Amino acid sequence: MNTASGSPTISLIISTYNRPQALYHVLQSVRIQKEMPHEVIVADDGSGEETRQVTEQCQKDFPVPLIHAWQEDLGFRQAANKNHAASKASGSYLLFLDGDLVMHPDYIKDNRMTASKGYFVVNTRVMLDETFTEEIFKKKQFSISASQLSNQKNSKNGLHIPWLGSLIPTRQKLKPCRGGLMGIWREDFVAVNGMNEDFVGWGHEDTDLFIRLFNYGLKRHNNKFRALTYHLYHPIENTDNAHNNKALAEKMKGNSSYFCPNGLDKYLTK
Numbered sequence: 004m005n006t007a008s009g010s011p012t013i014s015l016i017i018s019t020y021n022r023p024q025a026l027y028h029v030l031q032s033v034r035i036q037k038e039m040p041h042e043v044i045v046a047d048d049g050s051g052e053e054t055r056q057v058t059e060q061c062q063k064d065f066p067v068p069l070i071h072a073w074q075e076d077l078g079f080r081q082a083a084n085k086n087h088a089a090s091k092a093s094g095s096y097l098l099f100l101d102g103d104l105v106m107h108p109d110y111i112k113d114n115r116m117t118a119s120k121g122y123f124v125v126n127t128r129v130m131l132d133e134t135f136t137e138e139i140f141k142k143k144q145f146s147i148s149a150s151q152l153s154n155q156k157n158s159k160n161g162l163h164i165p166w167l168g169s170l171i172p173t174r175q176k177l178k179p180c181r182g183g184l185m186g187i188w189r190e191d192f193v194a195v196n197g198m199n200e201d202f203v204g205w206g207h208e209d210t211d212l213f214i215r216l217f218n219y220g221l222k223r224h225n226n227k228f229r230a231l232t233y234h235l236y237h238p239i240e241n242t243d244n245a246h247n248n249k250a251l252a253e254k255m256k257g258n259s260s261y262f263c264p265n266g267l268d269k270y271l272t273k
């Protein structure tokens with residue numbers, strides 16, 4: 004990957020719903036970044052008072068603008084949540100992050116280095132178990148070292164070796180689809196009209212997005228050994244509507260369209 008297109012201004016968009024403790028740790032991991040984003044937007048899918056308080060407390064001395072983009076709680080609406088937040092972004096590059104992913108101190112720096120025109124990027128996560136997550140919460144630990152990960156699932160994903168990551172070619176595969184770990188140029192996100200809001204409830208909205216990005220002509224780059232995150236444990240989400248969303252995503256396979264009618268443009272200023 005190269006940065007011939009210039010260094011982007013990064014809007015970090017953090018999705019959350021009623022996990023204020025996790026959000027607090029993610030926001031604190033912004034503070035220790037070696038390079039700062041242009042702004043941080045908390046994409047809030049209808050959380051309650053505690054999340055508002057955490058965000059407002061952090062806003063008092065946050066190193067960059069911190070915007071709270073809240074939408075009414077009408078059930079799990081991740082696609083609408085991301086579109087709403089993205090419409091408020093002023094950066095040239097959108098970096099989407101789930102609100103349970105603590106960032107390595109080089110996360111923004113690594114993403115800035117690997118942003119390249121014609122590509123979208125999928126980053127890396129280590130899955131932390133419940134015991135370690137509780138320890139992090141108790142100690143208010145915002146930076147995690149590779150030496151702490153020996154007992155964690157996929158601990159190799161916690162190795163930060165950027166030069167090695169630059170040597171690994173990316174296969175142009177659809178899966179895994181992890182929209183909570185992706186970076187994309189804002190103009191490309193706008194071109195495909197963002198997330199498809201026909202997806203309501205848990206799952207598969209990222210599959211739909213990735214298919215449309217490929218249809219638009221973008222290539223995928225997987226950041227390995229750089230742009231690391233650490234996934235804070237939580238119980239599995241309610242997946243009641245997953246089968247309907249999966250069926251909707253399956254319809255996109257073999258479809259050559261890239262623009263979704265029910266998407267981002269409804270939030271953009273005309």
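Offset between the sequence shown (1-based) and the working numbering: plus 3.
Beta carbons: idealized from backbone N, C-alpha and C, even for Gly.
Please read all numbers here as calculations on a predicted model, not as lab measurements.
Residue of Leu267, Asn226, Lys249, Lys256 minimising C-alpha distance to Pro172: Asn226
Beta-carbon proximity of Ile187 to Phe123, cut-off 8 Å: yes
From Gly102, Thr12, Ala83, residue whose alpha carbon lies closest to that of Val203: Ala83
Among Phe79, Lys37, Gly49, nearest to Gly206 - alpha-carbon criterion: Phe79
Beta strand (DSSP E) runs wholly inside the stretch 40-110, at least 3 long, in chain order: Counting only runs that start and end inside the stretch 40-110, the beta strand (DSSP E) elements of at least 3 residues fall at 42-47, 69-73, 96-101, 104-106.
Distance, Lys120 Cα to Ala252 Cα: 26 Å
Close beta carbons around Ser32, own chain, < 6 Å, minus the five adjacent residues each side: Excluding positions up to five away in sequence, the list reads Val105, Met106, Phe145.
Bridge partners - His234, DSSP secondary structure assignment: Leu104, Met130
Short Cβ contact (8 Å threshold) for Pro179 with Leu98: no
Cβ separation of Gly183 and Ser18, assumed to be a contact under 8 Å, to the nearest whole Å: 6 Å
Enclosing beta strand (DSSP E) for Asn225 [first to last residue]: Where Asn225 is concerned, the enclosing beta strand (DSSP E) stretches over 222-225.
Through-space distance from Leu271 to Lys91, alpha-carbon basis: When only Cα atoms are considered, Lys91 and Leu271 end up about 8 Å apart.
Distance, Asp201 Cα to Ser260 Cα: 15 Å
Beta-carbon proximity of Asn160 to Leu231, cut-off 8 Å: yes
Extent of the continuous beta strand (DSSP E) to which Ser14 belongs: 13-19
Three-state secondary structure (DSSP) of Lys156: strand
Residue(s) in a DSSP beta bridge with Val124: DSSP output for Val124 lists Gly186, His224 as bridge partner(s).
Closer than 8 Å to chain C by CB, Arg128: In the structure shown, chain C cannot be found, because there is only a single protein chain.
Cβ distance (whole Å) where Ala89 is taken to contact Gly197 below 8 Å: 6 Å
Between the CA atoms of Lys85 and Glu53 - distance to the nearest angstrom: 20 Å
Closest residue to Gln24 among Lys256, Lys142, Arg229, Leu212 (Cα-Cα distance): Lys142
C-alpha gap between Arg223 and Gln175, whole angstroms: 6 Å
Test item: CB-CB of Lys112 and Glu38 under 8 Å: yes
Where Trp205 falls: helix, strand or coil (DSSP): coil
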